[in-house]
Amino acid sequence: MYTIEHLKEFFIFILFLIEINMILTDNQEDSNRFEIIHSTENSRVRLTCDLNDVAWWKRPNLLATRYGIILPKYRSKMALEKLNDGTMTSGIPLHVLNIYHLQSNDSGIYECETLGAIRQFNLTVTGIFILTLHVYQDNLYILI
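With the working numbering as the guide, the letters of the sequence shown map in order to residues -6 to 137.
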């Protein structure tokens, strides 16, 4: 049996953990960066890279070449975007890999890389679950 107060404390604890995770994973090195991304199935994610002339990988597979061409195997799920509209970092346009219709097998480490530098994105895709709350005689019951 859980009360509303227990549920509030639980959510505050989860927010605290998320904040700690953001602090620990903030890497300011210029040549290598690692970002953790969580998303749900059937959604889309945008991976943004601030390097020049990048190739996109999900090792061991090459997803897109340095010339902005997505390999045929991945074209139905992915698209590339190059942002030149004032959103540049140090004069370099941002390269965005859009991944659509996410499934759990899309989880993994994605990389944009160029000579001497790499950006890594650890993508975790989870299923959607429904949380049902019932209050009975001033007690809160959680059903998953």
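For each residue, glycine too, the CB sits at the ideal point set by N, CA and C.
Treat the numbers as computed from the prediction; the structure is a model and nothing was measured.
_Closest to Thr58 by C-alpha separation, out of Leu10, Glu104 and Phe114, would be which residue?_
Glu104
*Simplified DSSP state of Lys51, which is helix, strand or coil*: strand
*In whole angstroms, what separates the C-alpha of Lys70 from that of Leu44?*
23 Å
_Helix, strand or coil, according to DSSP, for Ser32 in the structure here?_
strand
*Whole-angstrom C-beta distance between Val38 and Leu116, which should lie under 8 Å*: 6 Å
*Helix, strand or coil for Leu108, going by three-state DSSP, please let me know.*
coil
_Using the three-state DSSP reduction, which class does Ile92 fall into: helix, strand or coil?_
strand
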